[in-house]
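Just so we're aligned: 9 in my numbering is position 25 of the sequence shown, and the numbers increase by one with no gaps anywhere.
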Amino acid sequence: MKAPPIFRRAGFFSRPRWGRAGVGANPSTTPHGAAPIPAFPQGGKEARRPARWLLALLLWPLALAAHAYDIQDDAGQTTRFDAPPRRIVSLLPSLTETVCALDACDRLVGVDRYSNWPASVQKLPQVGGGLDPSVEAIVALRPDVVLMANSSRAGVRLRALGLKVVALEPKTRADVGRVVARLGKVLQVPGADALMRQIDAGVAAAAQSVPAAARGQRVYFEVSPSPHAAGHGSFIGELLTELGLGNIIGPEQGPFPRINPELVVRAAPDLIMSSSQSAADMPRRPGWASLKALRDGRVCVFDAEHRNILVRPGPRMPEAARLMADCAAKSVAAKK
């Protein structure tokens, strides 16, 4: 292994100069043909050189180890990296998007079946779903690290096979900032702080675009047709609050609760936001035909592409905030 430059410049790894005559000058004078003994003038510069050799040998492993770093993930697991990972498998779309936003898209060698942004990741090998990926397919990609949700069941098995795993699962705005910073450290790249400033500024700009007449509307945001809703404490609920909108799902119900559809009927929201899949089913739910928001057309139906933007906590949150702001503005116009 080549010595670090600082040691070479200090002369720690230069060859010792042997004496011209006297002790050590002639190998034949040493017992059993042993290597000659250097002739160093006592107290001179050469006398200090063996000590430098010893010091260098002691410090070299420390210099190499100085590049190692530890990452603690959301599962409480600490993973040591001796060098920044060059081959990454990501099993959560929001993590995939954040890796790319930190200019490390070229390190991705595999993704889950739902990671589809930016477009370049669609060309990568897919290793199944985030919760139940193909362990064999992941191992075959020889990743330096696997990024995944904390709720995934594959983490234990992947670690048992000797793979490095970092589990990160953002659910709130604070989580997004923490995950961005953690991924910046995993990747050993600058830009995490700048990315969060960009996200926060984009969300603030979207909030400023909401007309005064649209503020205060009570919103039901359906995440999936189960139905699962976006709670007050989720990043979606926090975006609603920043946009000046209310949320019929209270904080006590958690970030993304599965709800009884009757709750929405009782709450009678002013505005409904949902995917096209959910919207098609809503009129058939008991009591929902009586909802004024449905009757008056105050329902924002998002296609699959826009839904992906809305439900992924990461670098596209400003776009999500803009979609919600536009929805709120259009709902006010629909009343006129």
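By construction, the Cβ of each residue, glycine as well, lies at the ideal position given by its N, Cα and C atoms.
These figures come from a predicted structure and were not determined experimentally.
Asked                                                                                                                    : Found
C-alpha distance - I72 paired with R91, whole-angstrom precision                                                         : 6 Å
Beta-carbon gap between T82 and G298 smaller than 8 Å                                                                    : yes
Continuous beta strand (DSSP E) stretch holding I72: start and end                                                       : I72 to S74
Distance, V93 Cα to V173 Cα                                                                                              : 18 Å
CA-to-CA distance, P253 to R97, given in whole angstroms                                                                 : 34 Å
Inter-residue CB distance, E226 and V163 (contact presumed, cutoff 8 Å)                                                  : Contact doesn't hold; Cβ gap of about 19 Å is too wide.
As assigned by DSSP and simplified to three states, the class of P117                                                    : strand
Three-way DSSP call (helix, strand, coil) for F(-4) in this model                                                        : Per-residue confidence for F(-4) stands at a pLDDT of 40, beneath the threshold of 50, marking its modelled position as unreliable; no derived number is given.
Length of the line joining the Cα atoms of R306 and G146                                                                 : 43 Å
Enclosing alpha helix (DSSP H) for Q83 [first to last residue]                                                           : Checking the displayed sequence, the identity of residue 83 turns out to be Val instead of Gln. Element bounds for V83: P77 to A85.
Sub-8 Å separation of M257 and F205 beta-carbons                                                                         : yes
Touching by the beta-carbon criterion (3+ pairs, under 8 Å), the segment 123 to 131 and the segment 94 to 114            : yes
CB contact flag (P209, S135, <8 Å)                                                                                       : no
Outcome for G215 when other beta-carbon atoms lying within 10 angstroms are tallied against a minimum of 16              : buried
Cut-off 6 Å between Cβ atoms - residues of its own chain near A198, not counting five sequence neighbours on either side : A312, A313 and V316
Presumed contact (8 Å Cβ cut-off) between V130 and V149, rounded CB distance                                             : 5 Å
Neighbourhood of P117 by C-beta, 6 Å cutoff - its chain only, sequence neighbours within 5 removed                       : L75, V111 and A138
Beta-bridge pairing of Q110 - partner residues as DSSP gives them                                                        : V95
Cβ neighbours of S78 in the same chain (closer than 7 Å, five flanking residues each side left out)                      : P154, R296, P297 and G298
Candidates V283, A288, G168 and N231: closest to L86 by CA position                                                      : G168
E236 classed as buried or exposed, judged by whether at least 16 other C-beta atoms fall within 10 angstroms             : exposed
Start-to-end residues for the alpha helix (DSSP H) that takes in A176                                                    : A176 to Q192
Residue from F65, A309 and D66 with nearest C-alpha to Q201                                                              : A309
Unbroken stretches of the beta strand (DSSP E), 3 residues or longer, contained in the segment 194 to 260                : 202 to 208 and 255 to 259
Same chain, Cβ closer than 7 Å to A52, neighbours up to 5 away in sequence not counted                                   : R64, F65 and D66
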